[in-house]
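Enquirer: The listed protein sequences correspond, in order, to chains A and B. Letter by letter, the first sequence follows residues 81 to 273 in my numbering. Letter by letter, the second sequence follows residues 81 to 273 in my numbering. I'd like to ask you about the structure that follows.
2 protein chains.
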Amino acid sequence: MKLLEFKFSLPGWVEGFLRERGSKFSTVEKRMRFVVDLARRNVQKRSGGPFAAGIFDEKGTLIAPGVNIVVASNCSILHAEIVAIILAQKRLGCYDIGAGDESHYELVTSTEPCAMCLGAIPWSGISCVVCGARSEDAQSIGFDEGAKPPDWQHAMQKRGIKVVQDVLRPEAISVLKEYARGGGPIYNAGKRR
Amino acid sequence: MKLLEFKFSLPGWVEGFLRERGSKFSTVEKRMRFVVDLARRNVQKRSGGPFAAGIFDEKGTLIAPGVNIVVASNCSILHAEIVAIILAQKRLGCYDIGAGDESHYELVTSTEPCAMCLGAIPWSGISCVVCGARSEDAQSIGFDEGAKPPDWQHAMQKRGIKVVQDVLRPEAISVLKEYARGGGPIYNAGKRR
């Protein structure tokens, strides 16, 4: 029954973008630059919100990219981080990509995860989260980040998940500002007050 | 590119279950009984974790069901609540099902949402959350619920989202216990300590 299934795809331009950039990123700054550029392309192509993410293995190889496709897919769940987690788990054939061996997977996200994406991280098997812009940067253009636990960084670290913040933050902020200047839709902005 | 898309379906038996039960549920207890029975069937069919959910409109009509399909779909995101939100948004053609008119949608879930699902609720357009079992009931059989903000009920209510707890809690707990007795997999149980 069609109503009991769901499918999404990344925007068509992503495949060419990946070919152009390759899949090896030897430093955390290179990985963040890839992710910030992916977010900027998502804004310029008007294919979604100003957010992108990627999951990389311990050698810096891209396992799966993600961009925000909430509006295009009519699905509030499809934030960039969630898309990257889903596609990485599909590629690796496992709902817990950190299980069972010594592998280490890093989620690099252009903006700090919202409450939903934060909650998704411990279930995914990721062992490190790297953030560009901060929540307040997304809030400053009108996005709502949700109710996060106070000191969520410490809560992650207690679970063995490392958190690194402010990597290329100015570049990540510039994508948020470009989106706001272009009049992109600011959805879910705390409308139920 | 196959690696840039994802598809899921509810288990095959769900369609028959929906035909059997109909789609009108005039009281919150009837809606919860439907959801608890859906969770129990998911356990008995061994198609996923002991969790189910449904989204209903203000007349008590089922808009979309959800069951936990994390293991079968190799996807840690596909908790029952997330599946129901995705399918309801698909059916209604909108990423924010509460937007734009006076409609009211209720999420009924057999167990209180985990941190990820809680975070997803404000983005979905749902205006009421009804819970059966409590987090501690899921934790007592070994499931991890994640780091929720203290007093999350109040945080939801501040956003205009009503929270109702303990509807048919004993029946919902009995499904969790049936799953544990049957030796169902307890995944993501805080393994990264």
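Even for Gly, the Cβ is constructed at its ideal location relative to N, Cα and C. As the structure is a computational prediction, the values presented were derived from the model and not from experiment.
For B:Asp117, which residues in chain A fall below 7 Å Cβ to Cβ?
Expert: In chain order: nothing, as chain A lies at least about 17 Å away.
Enquirer: Determine the direct distance from the alpha carbon of A:Val210 to that of A:Val115, and round the result to whole angstroms.
Expert: Between A:Val115 and A:Val210, the C-alpha separation is close to 11 Å.
Enquirer: Give every residue of the same chain whose Cβ lies closer than 8 Å to the Cβ of A:Ser207, excluding the five residues on either side of it in the sequence, and list them in chain order.
Expert: Hits under 8 Å: Gly178, His184, Tyr185, Glu186, Gly240, Ile241, Lys242.
Enquirer: Where does A:Ala119 sit, in a helix, a strand or coil, going by DSSP?
Expert: If DSSP states are grouped into helix, strand and coil, A:Ala119 belongs with the helices.
Enquirer: Could you tell me the boundaries of the alpha helix (DSSP H) in which A:Ala160 lies?
Expert: 160–172 is the span of the alpha helix (DSSP H), which, as asked, contains A:Ala160.
Enquirer: Kindly identify the DSSP beta-bridge partner or partners of B:Lys104.
Expert: Paired residues: B:Thr141.
Enquirer: In the DSSP assignment, find the unbroken alpha helix (DSSP H) run with A:Glu182 in it and report its ends.
Expert: Element bounds for A:Glu182: n/a, residue is neither H nor E.
Enquirer: Under 7 Å between beta-carbons, which chain B residues line up against A:Ser204? List them in chain order, please.
Expert: Result: Ser156.
Enquirer: Quick one: which residues of the stretch 216–247 of chain B get their C-beta closer than 9 Å to a C-beta of chain A? List them in chain order.
Expert: So the close ones are Asp224, Gly226, Ala227, Lys228, Pro229, Pro230, Trp232, Ala235, Met236, Lys238, Arg239, Gly240, Ile241.
Enquirer: Could you have a look at B:Ser220 and say whether DSSP puts it in helix, strand or coil?
Expert: Three-state DSSP puts B:Ser220 in a helix.
Enquirer: Among residues of its own chain, excluding the 5 on either side of A:Met112, which ones have a beta-carbon nearer than 6 Å to its beta-carbon?
Expert: So the list reads Val188, Gly212, Val247, Leu248, once near-sequence residues are dropped.
Enquirer: Please decide whether A:Met196 counts as near chain B, where near means a Cβ-Cβ distance under 9 Å.
Expert: Closer than 9 Å to some Cβ of chain B, the Cβ of A:Met196 qualifies, so yes.
Enquirer: For the stretch 138–145 of chain B and the stretch 166–175 of chain B, state whether three or more C-beta atom pairs, one from each stretch, are separated by less than 8 Å.
Expert: In short, these stretches touch, since the Cβ pair count reaches three.
Enquirer: Any idea if A:His234 is buried or exposed, counting beta-carbon neighbours within 10 angstroms, 16 or more meaning buried?
Expert: By the neighbour-count rule (16 or more Cβ atoms within 10 Å), A:His234 is not buried but exposed.
Enquirer: Please list, in chain order, the chain A residues whose beta carbon lies closer than 7 Å to that of B:Cys211.
Expert: None at all; the shortest Cβ gap to chain A is about 16 Å.
Enquirer: Chain B beta carbons: is any one of them nearer than 9 Å to that of A:Leu187?
Expert: Closer than 9 Å: no.
Enquirer: Taking 9 Å as the CB-CB limit, is A:Arg272 close to chain B?
Expert: The predicted model places A:Arg272 with a pLDDT of 45, which falls under 50 and marks its position as unreliable; any figure quoted below should be read in that light. True, the Cβ-Cβ gap to chain B drops below 9 Å.
Enquirer: Can you give the Cα-Cα distance for A:Glu95 and A:Phe86, rounded to whole angstroms?
Expert: Going by the C-alpha atoms only, they are around 21 Å apart.
Enquirer: Assign A:Pro230 to one of two classes, buried (16 or more other C-beta atoms within 10 Å of its C-beta) or exposed (fewer than that).
Expert: Exposed, because fewer than 16 other Cβ atoms sit within 10 Å of the Cβ of A:Pro230.
Enquirer: According to DSSP, which residues form a beta bridge with A:Glu85?
Expert: Beta-bridge pairing links A:Glu85 to B:Ser89.
Enquirer: Which residue marks the beginning of the beta strand (DSSP E) containing B:Lys238, and which one marks its end?
Expert: Not the beta strand (DSSP E): B:Lys238 falls in the alpha helix (DSSP H), residues 232–238.
Enquirer: In or out: A:Ser106 buried (at least 16 other Cβ within 10 Å) or exposed?
Expert: Classification for A:Ser106: exposed.
Enquirer: What does B:Leu83 reach in chain A if we use C-beta pairs closer than 8 Å?
Expert: What B:Leu83 touches in chain A: Ala144, Leu167, Lys170, Arg171.
Enquirer: Does A:Val292 come out as helix, strand or coil in the three-state DSSP assignment?
Expert: Residue 292 of chain A lies beyond the stretch modelled for chain A, which goes from 81 to 273, so this question has no answer here.
Enquirer: Quick one: which residues of the stretch 128–139 of chain B get their C-beta closer than 8 Å to a C-beta of chain A? List them in chain order.
Expert: Here the close residues number zero.
Enquirer: Compare the C-beta of B:Ser89 with all C-beta atoms of chain A and state if any pair is closer than 9 Å.
Expert: Closer than 9 Å to some Cβ of chain A, the Cβ of B:Ser89 qualifies, so yes.
Enquirer: In the structure shown, what three-state DSSP assignment does B:Val247 receive?
Expert: Here B:Val247 sits in coil by DSSP.
Enquirer: For the alpha helix (DSSP H) containing A:Cys208, name the first residue and the last one.
Expert: Here A:Cys208 belongs to no alpha helix (DSSP H); instead the beta strand (DSSP E) covers 208–213.
Enquirer: Is it true that the stretch 147–155 of chain A meets the stretch 197–205 of chain A, where meeting means three or more beta-carbon pairs spaced less than 8 Å apart?
Expert: Cβ pair count under 8 Å is below three, so no.
Enquirer: Over the uninterrupted beta strand (DSSP E) stretch that includes A:Gly134, give me the two end residues.
Expert: Element bounds for A:Gly134: 132–136.
Enquirer: Between A:Lys238, A:Lys228, A:Trp232, A:Gln237, which lies nearest to B:Met236 when the distance is taken from Cα to Cα?
Expert: Checking every option, the nearest Cα to that of B:Met236 belongs to A:Lys228.
Enquirer: Start and end of the alpha helix (DSSP H) containing B:Gly199?
Expert: Unbroken alpha helix (DSSP H) run through B:Gly199: 195–204.
Enquirer: So which of B:Leu118, B:Asp117, B:Ser156 has the shortest CA-CA distance to B:Phe88?
Expert: Comparing Cα-Cα distances from B:Phe88 to each of B:Leu118, B:Asp117, B:Ser156, the minimum goes to B:Ser156.
Enquirer: Among the candidates A:Ala252, A:Trp203, A:Ile201, whose CA atom is the shortest distance from the CA of A:Glu216?
Expert: Ranking the options by Cα distance to A:Glu216, first place goes to A:Ala252.
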